[in-house]
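*Asks:* Top line first, the protein sequences correspond to chains A and B.
Counting with the working numbering, you get residues 1 to 597 for the letters of the first sequence.
Counting with the working numbering, you get residues 1 to 597 for the letters of the second sequence.
Ideal Cβ positions, reconstructed from N, Cα and C, are used throughout, including at glycine.
Just dropping this structure here.
2 protein chains.
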Amino acid sequence: MPTYTAPLRDMQFVLHEMLNVESTYKAFPAYQDLDAPTINQILEEAGKFASEVIQPLNQIGDRDGCTRNPDGSVTTPAGFRAAYQSFIEAGWPALACDPAYGGQGLPLLVNAALYEMLNSANQAWAMYPGLSHGAYECLHAHGTPEQKNVYLKKLVSGEWTGTMCLTESHCGTDLGLLKTQATPLPDGSYTITGTKIFISSGDHDLGTNILHLVLARLPGAPEGTKGISLFVVPKFLPNTDGSVGARNAVECGSLEHKMGIHGNSTCVMNFDGAIGTLVGEQHKGLNAMFVMMNSARLGVGMQGLGLTEVAYQNSVTYARDRLQMRSLKGPKAPEKPADPIIVHPDVRRMLLTQRAWAEGGRAFSYWVAQMIDVEINSQDEKEREAVADLVALLTPIVKAFLTDNAFASANEGMQVYGGHGYIAEWGVEQFVRDARINMIYEGTNGIQALDLLGRKVLSDMGAKLRKLGKIVKEFIEEEGVHKQMAEFIDPLADLAKQFEKLTMDLGMKAMMNRDEVGAASVPYLRVAGHLVYAYLFARMAKIALTKQKQKSSDSFYDAKLLTARFYYAKLLPETASQILAVRAGSASLMKMDADLF
Amino acid sequence: MPTYTAPLRDMQFVLHEMLNVESTYKAFPAYQDLDAPTINQILEEAGKFASEVIQPLNQIGDRDGCTRNPDGSVTTPAGFRAAYQSFIEAGWPALACDPAYGGQGLPLLVNAALYEMLNSANQAWAMYPGLSHGAYECLHAHGTPEQKNVYLKKLVSGEWTGTMCLTESHCGTDLGLLKTQATPLPDGSYTITGTKIFISSGDHDLGTNILHLVLARLPGAPEGTKGISLFVVPKFLPNTDGSVGARNAVECGSLEHKMGIHGNSTCVMNFDGAIGTLVGEQHKGLNAMFVMMNSARLGVGMQGLGLTEVAYQNSVTYARDRLQMRSLKGPKAPEKPADPIIVHPDVRRMLLTQRAWAEGGRAFSYWVAQMIDVEINSQDEKEREAVADLVALLTPIVKAFLTDNAFASANEGMQVYGGHGYIAEWGVEQFVRDARINMIYEGTNGIQALDLLGRKVLSDMGAKLRKLGKIVKEFIEEEGVHKQMAEFIDPLADLAKQFEKLTMDLGMKAMMNRDEVGAASVPYLRVAGHLVYAYLFARMAKIALTKQKQKSSDSFYDAKLLTARFYYAKLLPETASQILAVRAGSASLMKMDADLF
């Protein structure tokens, strides 16, 4: 049975030694009093909750799944509800919410760390509060004062939960095709009618009400994405005193049978004249929903990170325990019938791959979360704009790169277990199945890649990208003078240069042939992800080298440095192939007639 | 629900146009009368059986799995038994077996094509007869005359089936640790006592008896792999007339709960003083078992090929039907609400990746199967030795490269389906789960890579490898003069040269540090696999170009050429990264202390 221990030391390293949270956030009025010990204490408590309360439910949830009852209600796996009660009693949903609605007002960065841990412990469970937080952010940004008053406190307390209702059976990526209808009522509210599919946490028994954020079309709305509006549709209509009132006409029609995340109720939701209210402006629903979608994309990246970490931890444990063959250099544990498999270079390759993806993913996603905090809190408009651009650029990379790497890590972990990895009881094949959805939902990783290259990089002629390039270049200039850093700075500088040229060449080709964008996007995103990781591993290596120079006896820094070296030696070379694949262009993809396939 | 149509045209292309089966096999006394029409007819019939009889059972088998009854017997999913009855009535188990025992004496190559189709249709089902054929080969090679008389006819007719009982809970890779005991009886037979795990097809209701090939230790046997003997242990002891007699003391203790291949009964098998007879010599059981293991490794490669093909077919169908977004170059199907997703370059990238892995895998595995036929049938000892070396070299590549690529293909296929791919009813997530085991069993792909680099390449100082190199070089020399072939020959020659140098450098490093072998093996195997695929795609492209020059109107050749070009443009570049990973050596893997992980 898998176990999980929150990687507090590495989290603290990223937060305090790399991102200097305390000093950075001191600049913001809201965080004058935020200090490192408080953050650490929160993380420690969250880690306990993750390991002790929800991790033990992970395999149960996978095995038993959710149940749709004859009355259409949905029951979550045994223990899920009680765990959720503990979660809201401890105030976790409020962590990064607005104090005006009962929130604790902590940085999103701390919330990101919380969700890393929840996802490591039990992704299917963590999706219930995770989506609620997305709904909170969307309503906080776009809700009317009345909507905020009625809904936000309930989401902050966790009594009520939220969902995102976008997909219909004939449209996922292409939301312009959606058919769900909204009809205005005389009192200013609307009735919503249509069927949504793949609705995570669509119905369940954790809270007392569920707020569905639903995309639908108003009568006479323009076709395509410009005719979509956003509505909030509660499962139970709220009374004026905030209590739960009449049942609304929205119901789970059926539960989907899925490859993984069985503990989450993925529902077909039928809206049959359900009452809702408009969020944001008419026909601008997609804009409003993008708040939730961007938050969800980072959230999915954190799911990837969580699974990478837990898969790593368990395969390390197994590799230390499992005795099989002798080291090629002669017995390492002669007193035992065979050596633990962690002596074998190829097993180490798999473990270090997982480890590097975990550490790189943590540094990356926390860095982006910090930038979102800066975007929200900075008093300097130019700084806010600059980080907003970076966040826009990096969000699709967080989503796709972390989840691709998480799937690879879960598979490497399974491979470490050999045949036992394929057996359900060991719990590692569940990581593979759970990790697989993260590459698909909230926009497939292919769509993320198109978003990155088409919308974020090429549409502003590389302006956002140059902001990232500047950060990397400044670091290269600063550290290039230190001989000890050459092992990192030289390849980083080389990749940065190649990437710049690659982007320019692609921009030229794309002007002549739009298919070049779609042909290049997926390998391009892989290269972009590596550029970020190479930059962050170099930053982390710098800190570790400094600590070693200061004669730190903490072996954490040795391990950090060795992981960075492994990353540069064994994972970064992926860029060589991906750059060639980008440069190979679109001809080999487009020349075959569809009926020749 | 997925469908499957045997890719007869491509199979025929490989068999007749690339491998020239008819003319090649005419040289062998056993195949004087073998002609292409006969082979094609067999394949057509096999394709029908696969599509019509066992493919419709694939999802049922996955959903319902096998059942262990209170009496310890195992029942396969509904329909499995009836399908097996049709299979043996049609004589399929006999296809490539010795006529002396009722076999039809056809080449193994034809059997390989049969198994490609069975695996596409239903891998879990195909494992029952697949393992039986492995048991047939092992007993045919190493059985006593009496064992052959009693057992082979039954395996050839399919009335009885077979298993391989190697793994114990504490040993899989490291069989030297196994503990199952064999005790001699006065009549020359043995009692076998011990517990084996992960036994595919361990117990079931398809045939009337099951022959377990069991590795065990005799009293006083040397420790390690040199003290292992092989026994055949029937579920029911045979009577002298060949009928089924008394129940033997071997029983399925439990069924494993697995990620996939649910339709196959993966059993814990308890041998409790079960009666068996020795196969081959005492303490040389691993040698005898290797016949079955090598056959099984090629068989697992064919499982990978089968899944690659069926995943490809279904994602193409979906990509033609699913309407989502417009082509970046403007509407391609303006009469529809959106374009079919097959217009999008990134969807084509995924489909062509699957297609290239399928076509390359078919060419490769059929080529190796043909070499095994030559090894068995050639009158020329030198030729036999030469192909035996090539088969030994290529077997781990077939096993690992095809199954890695199959898992990637199943995942690409799932990605084409978007959210629907994650839903069980569509049947494509099953391909991912089923494909995953192929990378693990019959020696993990990591073990295959060690076998390739350590045992097959370095231990004879590259002698076997030079035989492959010679074939590639001769082709390069022959085709290098044709300008039209330069797009293939130039990169192929470049890779061949790089690979030769890489191998020599590795050999030098390995002499100084054995860990260099384990550090390099997995990426080295990827490069080796690409060398073979690049060679074979160039051969296939040559045939297609020739046909085009001859003004063939068959668009099959256009598609073949375009697939080869796609392979060279988009997949072959993987070698750039893998070569860098090989060259990065072992230091970054070995320096971290085990307790720092």
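Going along chain B in order, which residues have a C-beta closer than 7 Å to the C-beta of H344 of chain A?
*Replies:* G518
*Asks:* From B:L465, B:I199, B:T167 and B:I342, pick the residue whose C-alpha is nearest to that of Q324 of chain A; which is it?
*Replies:* B:T167
*Asks:* Tell me, to the nearest whole angstrom, how far the beta carbon of M371 of chain A is from that of C138 of chain A; I am working on the premise that it is less than 8 Å.
*Replies:* That pair is no contact at about 20 Å.
*Asks:* What in chain A is Cβ-close to A559 of chain B, meaning under 9 Å?
*Replies:* M592, D593, L596 and F597
*Asks:* How about M259 of chain A: is its C-beta nearer than 7 Å to some C-beta of chain B?
*Replies:* So, interface residue.
*Asks:* DSSP state of P70 of chain A, grouped into three classes?
*Replies:* coil
*Asks:* Which chain B residues sit within Cβ distance under 8 Å of T167 of chain A?
*Replies:* Residues of chain B passing the Cβ test: G419.
*Asks:* Which same chain residues end up closer than 8 Å to Q147 of chain B when comparing Cβ atoms and leaving out the 5 residues on each side of it in sequence?
*Replies:* Listed in chain order, the non-local C-beta contacts of Q147 of chain B below 8 Å within the same chain comprise L139, V232, T277 and V279, local neighbours out to five positions each way being set aside.
*Asks:* Identify the contact partners of K329 of chain A in chain B, using a Cβ-Cβ distance below 7 Å as the criterion.
*Replies:* Under a criterion of Cβ atoms nearer than 7 Å, the residues of chain B adjacent to K329 of chain A are, in order, R514 and D515.
*Asks:* Please list, in chain order, the chain A residues whose beta carbon lies closer than 8 Å to that of K570 of chain B.
*Replies:* A581, A584, S588 and L589
*Asks:* Is G220 of chain B closer than 7 Å to G176 of chain B when the C-beta atoms are compared?
*Replies:* no
*Asks:* Please identify the residue among A:G194, A:A94 and A:T444 whose C-alpha is closest to the C-alpha of E159 of chain A.
*Replies:* A:A94
*Asks:* Among all the DSSP beta bridges, which residues are the ones paired with P340 of chain B?
*Replies:* B:L323.
*Asks:* Given this structure, state the Cα-to-Cα distance separating T266 of chain A from E116 of chain A, to the nearest angstrom.
*Replies:* 21 Å
*Asks:* So if I threshold CB-CB distances at 7 Å, which residues from the stretch 310-339 of chain B count as touching chain A?
*Replies:* V316, R320, Q324, M325, L328, K329, P337 and A338
*Asks:* Cβ of V522 of chain A less than 7 Å from any chain B Cβ?
*Replies:* At least one chain B Cβ lies under 7 Å of V522 of chain A.
*Asks:* Determine, using beta-carbon pairs with one atom in the stretch 375-383 of chain B and one in the stretch 417-430 of chain B, whether at least three such pairs fall under 8 Å.
*Replies:* no
*Asks:* Return the chain-ordered ranges of every beta strand (DSSP E) run that is complete within the stretch 106-174 of chain B and spans a minimum of 3 residues.
*Replies:* 160-165
*Asks:* Mind listing which residues of the stretch 167-186 of chain A have their C-beta closer than 9 Å to chain B's C-betas, in chain order?
*Replies:* T167, S169, H170, C171, G172, T173, D174, G176 and L177
*Asks:* Does the stretch 327-334 of chain B touch the stretch 65-81 of chain B, meaning 3 or more C-beta pairs lie closer than 8 Å?
*Replies:* Short answer: they don't touch.
*Asks:* Given that a residue counts as buried once 16 or more other Cβ atoms are within 10 Å of its Cβ, and exposed if not, what is E89 of chain B?
*Replies:* exposed
*Asks:* By the criterion of Cβ-Cβ separation under 8 Å, what are the contact partners of T38 of chain A in chain B?
*Replies:* Neighbours of T38 of chain A on chain B: none; closest Cβ ~29 Å, over 8 Å.
*Asks:* Could you check how far apart the C-beta atoms of F649 of chain B and R565 of chain B are, in whole angstroms? I think they sit under 8 Å.
*Replies:* This structure cannot speak to residue 649 of chain B, because chain B is shown only from 1 to 597.
*Asks:* Ignoring anything shorter than 3 residues, give me the beta strand (DSSP E) runs that lie fully in the stretch 263-327 of chain B, in order along the chain.
*Replies:* If we require 3 residues or more, the beta strand (DSSP E) runs fully inside the stretch 263-327 of chain B come out as 266-279.
*Asks:* List, in chain order, every chain B residue whose beta-carbon is nearer than 9 Å to that of S553 of chain A.
*Replies:* Within 9 Å Cβ-Cβ: nothing; S553 of chain A doesn't reach chain B, min ~14 Å.
*Asks:* Taking the Cβ atom as the reference point for each residue, do A486 of chain B and K570 of chain A lie within a distance shorter than 7 Å?
*Replies:* No; because the gap between Cβ atoms is not below 7 Å, this pair is not in contact.
*Asks:* If you measure beta-carbon to beta-carbon, which residues of the stretch 419-438 of chain A are closer than 9 Å to chain B?
*Replies:* G419, H420, G421, Y422, I423, A424, E425, E429, Q430, V432, R433, R436 and I437
*Asks:* Where does V481 of chain B fall in DSSP's three states?
*Replies:* coil
*Asks:* Rounded C-beta distance between G360 of chain B and Y568 of chain B? I'm assuming under 8 Å.
*Replies:* About 11 Å separates the two Cβ atoms, so there is no contact after all.
*Asks:* Which stretch, first to last residue, makes up the beta strand (DSSP E) that contains L596 of chain B?
*Replies:* Per DSSP, L596 of chain B is not a residue of any beta strand (DSSP E), being assigned neither H nor E.
*Asks:* Starting from P238 of chain A, follow the beta strand (DSSP E) in both directions and report where the run begins and ends.
*Replies:* F236 to P238
*Asks:* Since S577 of chain A meets chain B, which of its residues come closer than 7 Å, beta carbon to beta carbon?
*Replies:* P573, E574, A576 and S577
*Asks:* Are the C-beta atoms of E223 of chain B and some chain A residue less than 7 Å apart?
*Replies:* no
*Asks:* Measure from the C-beta of R362 of chain B to each C-beta in chain A and report whether the shortest distance is under 7 Å.
*Replies:* no
*Asks:* Just checking: is the beta-carbon of M537 of chain A within a distance shorter than 7 Å of some beta-carbon in chain B?
*Replies:* Reading off the sequence shown, one finds Phe at residue 537 of chain A, where the question assumed Met. Judged by the 7 Å Cβ criterion, F537 of chain A is not in contact with chain B.
*Asks:* Just tell me which of B:K258, B:Y190 and B:D389 has its CA closest to the CA of L218 of chain B.
*Replies:* B:Y190
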